[in-house]
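Residue numbers (the working numbering), protein chains in the order written: chain A, 1 to 231; chain B, 232 to 358. From the three backbone atoms N, C-alpha and C, an ideal C-beta is built for every residue, glycine too. Since we're looking at a predicted model, the values are computed, not measured.
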């Protein structure tokens, strides 16, 4: 699990460990690590913030998307993994993925619904530092009838959008009072799913390391138990 | 089911015991906290669960949450219509929204669960 991992624990409050993985991994490894981080939160009360990448275009299915036959033809032949979290399928390619596994003792674990906007507001702040204006989508009526296959075609109040274009989506698994939240930040459109522009197409060029470092610094203050969360 | 007569787990499942059959669901507090429910994974009849082990999963607002059996036993019935009508869970969490029935192996486990007053205080501490 340490392969390709550069620890930046000096940046963070010691209550959260930071994993910044510059080396992209296969999808099954990425999901196994996220599962292990949730397990560690449950068993050892360790909270972790992780940033990672995918070594090839990979489809991840939400926990309840059990039917592989529903995967669109154009994704045929790509690796497919299952997530612990809910939500729709994601085509992971040129993105930065984060996962945040919070132990039950973490102040934010007790309000997981709010965790989406807390983390997303920090991502919006990081985007702004890079010159990209984005915002939470805001109130939308949840409509189960609109549960399209792909997450990035779905609509949720906590989506980060640039104009009307969704650029970040997150999902959660909740277990024994602990929370695993992970999400995809589209850095560049995938050739396999070109209908979803990334930061690059929206005029901002950055690197995984720069964006992850910026996000780690911005999220660090959430790790402080004394922070009141007014972001 | 009268919520005041039920026993509750910290993880918000409720139990009603009738003889050696326990009816299990999730509380209104949990349903309200989860908000819009979209999927529910029910256990198979015949499955045996130990107390505090996962028996199902529910999804709401892109969050998949584990459900825990508050008591040990074998599943003898599940509320099949529930998976297709989660409104039942939202509207009638203590009646039509029951999730499964267990043939319990040790009814004394009920004593380690919270009564309504203790559970209300537990919910208060979480809100």
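query	result
Report back the beta-carbon spacing between residue 81 of chain A and residue 27 of chain A to the nearest angstrom; my notes put them in contact at under 8 angstroms.	4 angstroms
DSSP three-state label for residue 11 of chain A, please.	Confidence is the limiting factor: at residue 11 of chain A the pLDDT is only 44, short of 50, which leaves the residue's position unreliable and the question unanswerable from this model.
From residue 157 of chain A to residue 216 of chain A, what distance separates their C-alpha atoms?	24 angstroms
Report the start-end ranges of each beta strand (DSSP E) in the segment 31 to 114 of chain A that is 3 residues or longer and not cut off at the edges.	47 to 52, 58 to 61, 80 to 82, 90 to 92 and 95 to 102
Suppose the cutoff is 6 angstroms on Cβ atoms and the five residues either side in sequence are ignored; what does the same chain contact list for residue 238 of chain B look like?	246, 341 and 344
Give me the chain B residues within the contact set of residue 233 of chain A, using Cβ-Cβ distance strictly less than 7 angstroms, ordered along the chain.	This structure does not reach residue 233 of chain A, given that chain A is present from 1 up to 231, and the question cannot be answered.
Around the C-beta of residue 106 of chain A, are 16 or more other C-beta atoms found within 10 angstroms, so that it is buried, or is it exposed?	buried
Secondary structure at residue 129 of chain A, three-state DSSP: helix, strand or coil?	helix
What does the alpha-carbon distance come out to for the pair residue 39 of chain A and residue 104 of chain A?	12 angstroms
Near residue 226 of chain B, which residues of its chain fall below 6 angstroms by C-beta distance, leaving aside the five closest residues on each side in sequence?	It is not possible to answer for residue 226 of chain B, since the shown part of chain B is limited to 232 through 358.
Output yes or no for whether 9 angstroms exceeds the beta carbon distance between residue 50 of chain A and residue 102 of chain A.	no
Considering only DSSP beta bridges, list what residue 156 of chain A is partnered with.	None; residue 156 of chain A has no bridge partner.
Leaving out five residues before and five after residue 228 of chain A in sequence, what residues of the same chain have Cβ atoms less than 6 angstroms from its Cβ?	Note on residue 228 of chain A: pLDDT 48, under 50, position unreliable in the model; no value is reported.
DSSP on residue 231 of chain A, reduced to helix/strand/coil?	Interpretation of residue 231 of chain A is limited by its pLDDT of 37, a score under 50 that renders its predicted location unreliable; the figure taken from the coordinates is listed afterwards. Residue state, collapsed to three classes: coil.
Taking only three categories from DSSP, how would you classify residue 225 of chain A?	Because the pLDDT of residue 225 of chain A is 49, which lies under 50, any placement of that residue in the model is unreliable, and the number read from its coordinates should be weighed accordingly. Looking at residue 225 of chain A - three-state DSSP - the assignment turns out to be coil, as it is neither helix nor strand.
Does any C-beta atom of chain B lie closer than 9 angstroms to the C-beta of residue 44 of chain A?	no
For a quick check, are the C-beta atoms of residue 267 of chain B and residue 303 of chain B less than 9 angstroms apart?	no
Helix, strand or coil: which one does DSSP assign to residue 267 of chain B?	coil
Near residue 138 of chain A, which residues of its chain fall below 8 angstroms by C-beta distance, leaving aside the five closest residues on each side in sequence?	157
Taking the beta strand (DSSP E) that residue 181 of chain A belongs to, which residues open and close that run?	178 to 186
Check the Cβ-Cβ distances between residue 242 of chain B and every residue of chain A, and say whether any is below 9 angstroms.	yes
Please report the straight-line C-alpha distance between residue 319 of chain B and residue 54 of chain A, rounded to a whole angstrom.	40 angstroms
Where does residue 237 of chain B fall in DSSP's three states?	coil
Give me the DSSP bridge partner(s) of residue 18 of chain A.	A:49
Where residue 315 of chain B and residue 131 of chain A are concerned, what is the direct C-alpha to C-alpha distance, given to the nearest angstrom?	45 angstroms
Are the segment 79 to 98 of chain A and the segment 192 to 203 of chain A touching by the rule of at least three beta carbon pairs closer than 8 angstroms?	yes
Taking all protein chains shown into account, decide if residue 339 of chain B is buried (16 or more other Cβ within 10 angstroms of its Cβ) or exposed.	exposed
Do residue 259 of chain B and the ligand FAD come close, with the Cβ less than 8 angstroms from some heavy atom?	Of ligands this structure carries none, so the ligand FAD is not represented either.
Which residue's Cα is closest to the Cα of residue 210 of chain A: A:149, A:25 and A:187?	A:187
Taking DSSP's pairing of strands, which residues face residue 296 of chain B in a bridge?	A:174 and B:289
For residue 216 of chain A, does the three-state DSSP call read helix, strand or coil?	helix
Since residue 270 of chain B meets chain A, which of its residues come closer than 7 angstroms, beta carbon to beta carbon?	64
Mind checking if residue 340 of chain B is an interface residue toward chain A, Cβ cutoff 9 angstroms exclusive?	no
Nearest to residue 309 of chain B by alpha carbon, out of B:321, B:283, B:327 and B:276?	B:276
By how many angstroms is the C-alpha of residue 305 of chain B removed from the C-alpha of residue 299 of chain B?	14 angstroms
Going by other Cβ atoms of all chains shown within 10 Å of its Cβ, with 16 needed for buried, is residue 356 of chain B buried or exposed?	exposed
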